[in-house]
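Chemist: Residues in the sequence shown are numbered from 0 upward in steps of one, following numbering that gives the first Met the number 0. Note that beta-carbon positions come from the ideal geometry of N, C-alpha and C, so glycine has one too. Here it is, the structure, as C-alpha cells.
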Amino acid sequence: MRFLVFDIDGTLVDSQNLLVAAQEATFAAHGLPPPSRERVLSVVGLSLAETFRVLAGPEGPHAALEATYRATFARLVAEPSLASQLFPGVDALLRDLAARDNHFLGIATGKSQRGVRRLFEAHGWHTLFASVQTADDAPSKPHPAMLEQAMGEVGATPGQTVMIGDSTFDMQMARAAGCRAVGVAWGYCKVDALRAAGAQLIVESVEELAAVLAETDSTVGLGAVP
C-alpha cells in the first residue's frame, strides 16, 4: 500500500490572491492594519483560529476576526479576478495516482470542509480521495492528528504514508506522525525553510513530483524516517 496525502493551498491550488484579499478586507473591517502579503502567506496551512492568533497577536479580537474572515471569504470566492487556479499538471497527476492499484490519496488541509467541498465540486474530485482531513476535524497543523486520523481511516502505517505539501507546517506534521515528507517548491514557503522543517525531498515541479511518485517503492529518494 502507498498512502499519499496532499495539502491544498500552495500545493494543489494557487489561492494566494484570494487569501491575501480576504485577510486585507477582514483587518480593514476591524480598523486594524492589514498584515503584509508575505505574512499572510507564511501562515497558510494553519487553522483559522491559529492563523489569527499569529496575525493579530495574543490580545487580538480573534473570534471576531475569524467570523468576519469567513463571511468575507465566502463573498470574495465568487470574484473572477480572485479565482484560485490548479497548478498546471495537478489534475492529471491526481487522477493518475488514484487509478493505480494499491494507491490511496488523502487530503490534510487547514481549509474547512465547506472549502474542500467547493474545490471538489469545481474539479470533480469527489472519488479521488480515500480520506479528507480539515481544520474542522483536528487540531491545526503541525499537530500530527490529521495524518494519524487519515492513516487510521485507510489502514496505512507511517512507513507507507507520504505527506506532500508546501509549508513548514506540513513537513513538521509529517515528521511528528512518523511519515515521510515531500516539500514542493512552487508554493508559499522557501525551500531552505522546508528543509529545516524536515522535508526529506524537495520537488521543483509537478512533473518531478510525478516522477518521484511513479517509483515502485514509496521510500525511493526519501530515506528512512528517524
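When DSSP labels each residue in this structure, what does R99 get in the three-state scheme?
Modeler: Position 100 of the sequence shown, counted from the first residue, corresponds to residue 99. R99 falls in the coil class under three-state DSSP.
Chemist: Pull the bridge partners of A107 from the DSSP assignment, please.
Modeler: Taking the sequence shown and counting its residues from 1, the one referred to as residue 107 is at position 108. According to DSSP, A107 bridges with Q132.
Chemist: Among V12, H29 and A198, which has the Cα closest to the Cα of L85?
Modeler: Locating residue 85 in the sequence shown gives position 86, counting from the first residue. Nearest of V12, H29 and A198 to L85, Cα basis: V12.
Chemist: Measure the C-alpha to C-alpha separation of L146 and Q112 and round it to an integer number of angstroms.
Modeler: Here residue 146 is taken as the residue at index 147 of the sequence shown, counted from 1. Here residue 112 is taken as the residue at index 113 of the sequence shown, counted from 1. Taking the straight line joining both Cα atoms gives about 16 Å.
Chemist: If I'm right that A48 touches E23 with Cβ under 8 Å, what's the distance once you round it to whole angstroms?
Modeler: As a first step, residue 48 must be located in the sequence shown, where it is residue number 49. As a first step, residue 23 must be located in the sequence shown, where it is residue number 24. Not quite, the Cβ-Cβ distance comes to about 19 Å (not below 8 Å), so this is no contact.
Chemist: Can you check DSSP and say which residues form a bridge with S72?
Modeler: Locating residue 72 in the sequence shown gives position 73, counting from the first residue. Note on residue identity: the sequence assigns Phe, not Ser, to residue 72. Paired residue(s): none; F72 is not in a bridge.
Chemist: Once you ignore the five residues that flank V205 on each side, which residues in its own chain have a CB closer than 7 Å to its CB?
Modeler: Position 206 of the sequence shown, counted from the start, is the residue given in the question as residue 205. The answer, listed in chain order, is F86, P87, G88, V89 and L92.
Chemist: Return the chain-ordered list of same chain residues with a C-beta closer than 8 Å to the C-beta of P60, the five sequence neighbours on each side being excluded.
Modeler: If you number the sequence shown from 1, residue 60 lands on position 61. Taken in chain order, the residues that qualify are H29.
Chemist: Measure from the alpha carbon of Q132 to the alpha carbon of each residue in L200, E152, S14 and A20, then state which is nearest.
Modeler: Numbered from 1 along the sequence shown, position 133 holds the residue referred to as residue 132. It is E152.
Chemist: For D6, list the residues DSSP reports as bridge partners.
Modeler: For the purposes of this step, residue 6 is taken as residue 7 along the sequence shown, with counting starting at 1. Looking at the DSSP assignment, D6 forms no beta bridge with any residue, so it has no partner.
Chemist: Among A213, V181 and E207, which residue has its Cα nearest to the Cα of Q199?
Modeler: Sequence index remark: in the sequence shown, residue 199 carries index 200 (1-based). Looking at the Cα atoms, V181 is the closest of the given residues.
Chemist: Return the Cβ separation of A184 and S46 in integer angstroms, given the expectation that the two are a contact with Cβ distance under 8 Å.
Modeler: Here residue 184 corresponds to residue number 185 of the sequence shown, with the count starting at 1. Here residue 46 corresponds to residue number 47 of the sequence shown, with the count starting at 1. At roughly 25 Å, the Cβ-Cβ gap does not stay under 8 Å, so A184 and S46 are not in contact.
Chemist: Give me the residue from A175, V43, G44 and S130 with the minimum Cα distance to P143.
Modeler: Translated into the one-based positions of the sequence shown, residue 143 becomes position 144. Checked all of A175, V43, G44 and S130; the closest Cα to P143 is A175.
Chemist: If we call anything under 8 Å between Cβ atoms a contact, is D8 one with D169?
Modeler: Looking up residue 8 in the sequence shown gives position 9. Looking up residue 169 in the sequence shown gives position 170. For D8 and D169, no; Cβs fall outside 8 Å.
Chemist: At which residue ranges does the stretch 133-213 contain complete beta strand (DSSP E) runs of 3 or more residues, listed in the order of the chain?
Modeler: Those beta strand (DSSP E) runs which fall completely within the stretch 133-213 and span 3+ residues are 160-164, 179-183 and 200-202.
Chemist: Are V42 and V53 close, meaning C-beta to C-beta below 8 Å?
Modeler: Here the question's residue 42 lines up with position 43 in the sequence shown. Here the question's residue 53 lines up with position 54 in the sequence shown. Yes, the pair counts as a contact, with Cβ atoms nearer than the cut-off.
Chemist: Of the residues T10, D100, T25 and L96, which one's Cα is nearest the Cα of T67?
Modeler: Here residue 67 is taken as the residue at index 68 of the sequence shown, counted from 1. T67 has its Cα closest to that of T25, out of T10, D100, T25 and L96.
Chemist: State the DSSP-derived secondary structure class of L64, mapped to helix, strand or coil.
Modeler: Sequence index remark: in the sequence shown, residue 64 carries index 65 (1-based). It is helical.
Chemist: Secondary structure at L17, three-state DSSP: helix, strand or coil?
Modeler: Sequence index remark: in the sequence shown, residue 17 carries index 18 (1-based). Three-state DSSP puts L17 in a helix.
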